[in-house]
Amino acid sequence: MIHYSVRPNLSFSFRANFEMNRRVFRFALANSTNSKNRKAFSRNASSYDIPYNKGIPVLGTSLAIGAAGGAPKLHEYVDNRHKEFGHVFRENMGSVSAVFVSNPSIIRKIFLVEGKYPRHFVPKAWTLYNELHNCKRGLFFMEGDEWYKWRKLMNKYFLSPSTLDDLKNVHEGIVEGFVKRWKKFDGREVSDMEFEFYRHSISFVLGSLIGDSYLRQADKYDNYVTELATKFQSVFETSSKLNILPSVKIVQFLRLPLWGKFESSVTSSLDASKKVVSMALEDLSKNGLLSKLSVNEGIPADMISALVADLLIAAGDTTAFTSQWAVYRLGRDANIQNSARQDSTLIRGAVRETLRLYPSAPFITRILPNDETIDGYKFNAEELVLLSLYTAGRNDELYPRADLFEPERWVKRNSGGYAGVTDVNGFLPFAMGSRSCIGARLANIQLQTTIRQVG
Numbered sequence: 000m001i002h003y004s005v006r007p008n009l010s011f012s013f014r015a016n017f018e019m020n021r022r023v024f025r026f027a028l029a030n031s032t033n034s035k036n037r038k039a040f041s042r043n044a045s046s047y048d049i050p051y052n053k054g055i056p057v058l059g060t061s062l063a064i065g066a067a068g069g070a071p072k073l074h075e076y077v078d079n080r081h082k083e084f085g086h087v088f089r090e091n092m093g094s095v096s097a098v099f100v101s102n103p104s105i106i107r108k109i110f111l112v113e114g115k116y117p118r119h120f121v122p123k124a125w126t127l128y129n130e131l132h133n134c135k136r137g138l139f140f141m142e143g144d145e146w147y148k149w150r151k152l153m154n155k156y157f158l159s160p161s162t163l164d165d166l167k168n169v170h171e172g173i174v175e176g177f178v179k180r181w182k183k184f185d186g187r188e189v190s191d192m193e194f195e196f197y198r199h200s201i202s203f204v205l206g207s208l209i210g211d212s213y214l215r216q217a218d219k220y221d222n223y224v225t226e227l228a229t230k231f232q233s234v235f236e237t238s239s240k241l242n243i244l245p246s247v248k249i250v251q252f253l254r255l256p257l258w259g260k261f262e263s264s265v266t267s268s269l270d271a272s273k274k275v276v277s278m279a280l281e282d283l284s285k286n287g288l289l290s291k292l293s294v295n296e297g298i299p300a301d302m303i304s305a306l307v308a309d310l311l312i313a314a315g316d317t318t319a320f321t322s323q324w325a326v327y328r329l330g331r332d333a334n335i336q337n338s339a340r341q342d343s344t345l346i347r348g349a350v351r352e353t354l355r356l357y358p359s360a361p362f363i364t365r366i367l368p369n370d371e372t373i374d375g376y377k378f379n380a381e382e383l384v385l386l387s388l389y390t391a392g393r394n395d396e397l398y399p400r401a402d403l404f405e406p407e408r409w410v411k412r413n414s415g416g417y418a419g420v421t422d423v424n425g426f427l428p429f430a431m432g433s434r435s436c437i438g439a440r441l442a443n444i445q446l447q448t449t450i451r452q453v454g
């Protein structure tokens, strides 16, 4: 057992890097909803005007967002707006206008009308970078038939319980290596927890891609994992700042230092990712996910590189932060730690509580293909909708004492349901539908395995 402490000010804010969306990783193809479903939402519903906060000309509410802490505090800013305007409101943020939704029932219905090819918001900094560098990127940046083709193929393996079960020994070994690395902190403060979990998340995904041979050659990849963690941190730090500015193009045109740092960080990150993928393709084991894509499906190396590079980048940001919060919350409460050691179901509960209170992505975005009326609210076609997971997870109607970290609320009752959750359908940390998180299963495995061994 490792006795660790964390900095009192660890409670970092959510990054808004892949800003309001980071939804490259969404899983499980679902049937698209037909017009019959849409009509059902409108029937017997009164019409409500969506409150609109338009801010000032050109800049919208960008100055207010900046004064509230900028991108890292956007989830708190929006949470306060929900308290002011209600479950649904529209806001002009200067660089983009959107409708924010925090009601879990409406959120689920939005997923049901997202269409066969769900679309989401791609931050302008990333879009501009891809255009300037003519980059081939992964699922997050794909749309339409191209996205559907590759997503459907990857679902066969990333969603398959049996495929991931074959990687159990790899996952256990990676976490054991993580714990061994952490033993140097035994009894001392972990000064750079964020970086440690970046490394761990990247290593976990890389091991899942390669399979058994990764454990035999972990030292070979160790320096590359450290390099990727460093570069990915820089990407997210710069992109989160760029994506709240009124015009990324102006920043790029003027060659301001912020754009230069972002551009060089992304370029070096992609180059490093492609190099690691090239190495991984030479070290494949049959149980590795890369083997399924390369050998079983015959996907060309350049496409594999594009798909996997974005997987590595996103894993370094999303699961790393969730892991950090989980360990932080458990580290603050010895009683919860002791209870989890005696009852393994509480480990799963701790993971769910962390995802509820500190979702990997505080927002999920969708751009609806048609005009929709949902529970009386009118949503316009092609309008950006942001689903406020941070606020939805703190809904006292769904989670009594919602602000408290209580893993036991997820213990199943003999009579059905959960001890402290009134409606489990409101729990959507990885979204739902065909563009739900493609890394959801891997993320849950990583989180539960890590907490079990670290705790």
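Numbered per numbering that gives the first Met the number 0, the sequence shown spans residues 0 to 454.
In this text, a Cβ means the ideal position worked out from N, Cα and C, and glycines have one as well.
Since we're looking at a predicted model, the values are computed, not measured.
- By the criterion of at least three beta-carbon pairs nearer than 8 Å, the segment 329-348 is not in contact with the segment 395-403.
- As for any alpha helix (DSSP H) of minimum length 4 sitting wholly inside the segment 122-197, the runs are 123-132, 143-157, 160-164, 167-181, ordered along the chain.
- Secondary structure of Lys-240 (DSSP, three-state): helix.
- When rounded, the separation of the alpha-carbon atoms in Tyr-327 and Asn-443 is 17 Å.
- In the displayed model, Phe-231 falls within a helix according to three-state DSSP.
- Around the beta carbon of Pro-103, 16 or more other beta carbons lie within 10 angstroms, which makes this residue buried.
- Restricted to the segment 48-110, the alpha helix (DSSP H) segments that are unbroken, complete and at least 4 residues in length are 61-66, 73-84, listed in chain order.
- Inter-residue distance for Asp-422 and Pro-428 is about 14 Å (C-alpha atoms, whole angstroms).
- Arg-408 is a Cβ neighbour of Gly-419, given a cutoff of 7 Å.
- Where Arg-328 is concerned, the enclosing alpha helix (DSSP H) starts and stops at 300-330.
- Annotated as proximal: Gly-69 and Ile-243, with beta-carbon spacing under 7 Å.
- Among the bridge pairs identified by DSSP, Val-294 is matched with none.
- Straight-line spacing of the CA atoms in Asn-379 and Val-100 works out to 14 Å.
- In this model, Phe-157 and Ser-212 are separated by some 19 Å (Cα to Cα).
- Using a Cβ-Cβ distance cut-off of 8 Å, the segment 156-171 and the segment 130-148 are not in contact, since fewer than three pairs of beta carbons, one from each stretch, lie closer than that value.
- Just so you know, the alpha carbons of Tyr-357 and Leu-152 end up roughly 30 Å apart.
- For Ser-433, the closest alpha carbon among the candidates Thr-126, Asp-78, Glu-142, Met-92 is that of Glu-142.
- The beta carbon of Ser-343 sits closer than 8 Å to those of Arg-451, all from its chain and outside the five residues before and after it, given in chain order.
- Residue burial annotation: Gly-392 is buried, with at least 16 other C-beta atoms found within 10 angstroms of its C-beta.
- Counting of Cβ neighbours within 10 angstroms places Gln-341 among the exposed residues, the total staying below 16.
- Between Phe-84 and Pro-56, the gap from beta carbon to beta carbon reaches 7 Å or more.
- Contact annotation, Ile-366 with His-119: C-beta distance approximately 7 Å; criterion of less than 8 Å satisfied.
- Burial of Ser-272 is indicated by the presence of at least 16 other C-beta atoms within 10 angstroms of its C-beta.
- The Cβ atoms of Phe-184 and Ser-322 do not sit closer than 7 Å to each other.
- Less than 7 Å divides the Cβ of Val-174 from the Cβ of Thr-449.
- By the beta-carbon neighbour count (other beta carbons within 10 angstroms, threshold 16), Gln-232 is buried.
- Taking 8 Å as the upper bound for CB-CB distance, Val-276 and Val-307 are in contact here, some 5 Å apart.
- In this structure, Phe-139 lies near Asp-309, with their beta-carbon atoms less than 7 Å apart.
- The DSSP-derived three-state label of Thr-421 is coil.
- One thing to note: Asn-286 has its Cβ within 7 Å of the Cβ of Asp-165.
- For Lys-273, there is no enclosing beta strand (DSSP E); the enclosing alpha helix (DSSP H) covers residues 256-279.
- The C-alpha of Val-95 is placed about 8 Å away from the C-alpha of Leu-383.
- In the structure shown, Leu-385 falls within a strand segment according to DSSP collapsed to helix, strand and coil.
- Setting aside the 5 residues that flank it on each side, Glu-381 is surrounded in the same chain by Ile-366, each with a C-beta closer than 7 Å to its C-beta; the list follows chain order.
- With a threshold of 16 other beta carbon atoms within 10 Å, Ala-66 falls short and is exposed.
- For the 7 Å CB-CB criterion, Ala-325 and Val-204 do not form a contact.
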